[in-house]
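Structure first, commentary second.
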Amino acid sequence: MDWVWGFVGGLMIGGAAAVYLLYNGRVMGASGIIGELVDRSDWSNWAERLVFLAALIGVPYLLSLLIGGETHLTQNWLVIVLAGLLVGVGTRLANGCTSGHGVCGISRLSLRGIVATLIYVLAGGLTMALLRHLIGVI
């Protein structure tokens, strides 16, 4: 039954991307939205960015409370912090993240989005295999 939650989550992300594009005329890339909030490069939309960030964190949390879902997140805080930092660096290097390249880029048949998605999915799979099965930290 886990596939249902993946399907529902995909519909929610795709729907959010469509609404964001229709409302703003821009692609919804979480790393860009958060990055510009942090470095204040487009401060005119700060309230919108804060609402996006609050929803990005709050909606999954609220759903887990309502549904009583179990997470598969490791309890190793060092791994969580390092993973977050590496994801942040990777999204800056790739000029985008999974929502920008994967959801919005592939749906627009962007070659750059397709290539970026293939690379980060491969890198994520290799990292997970290495850390879980060879090193055993996850």
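Residue 61 in our numbering sits at position 53 of the sequence shown; the count goes up by one each step and never skips.
Even for Gly, the Cβ is constructed at its ideal location relative to N, Cα and C.
Computed from a predicted structure; not experimentally measured.
With contacts defined by Cβ atoms closer than 8 Å, G104 and G40 form a contacting pair. Annotated three-state conformation of M36 is coil, per DSSP.
Every unbroken stretch of the alpha helix (DSSP H) spanning 4 or more residues and falling wholly within the segment 47 to 95 is given here in chain order: 54 to 75. Secondary structure at I146: coil, using DSSP grouped into helix, strand and coil. For the alpha helix (DSSP H) assignment, the uninterrupted runs of no fewer than 4 residues enclosed by the segment 113 to 140 are, from N- to C-terminal side, 119 to 136. In summary, A63 is exposed, with fewer than 16 beta-carbon neighbours lying within 10 Å of its beta-carbon over all protein chains present. Going by beta carbons, A55 and M36 fall outside the 8 Å limit. Scanning its chain for C-beta atoms nearer than 6 Å, with the 5 sequence neighbours on each side dropped, one finds no residue around P68. Between T125 and G113, the beta carbon gap of about 7 Å places them in contact (Cβ cut-off 8 Å). If you ignore the 5 residues before and after M136, its C-beta comes within less than 8 Å of the C-beta of I146, all in its own chain and listed in chain order.
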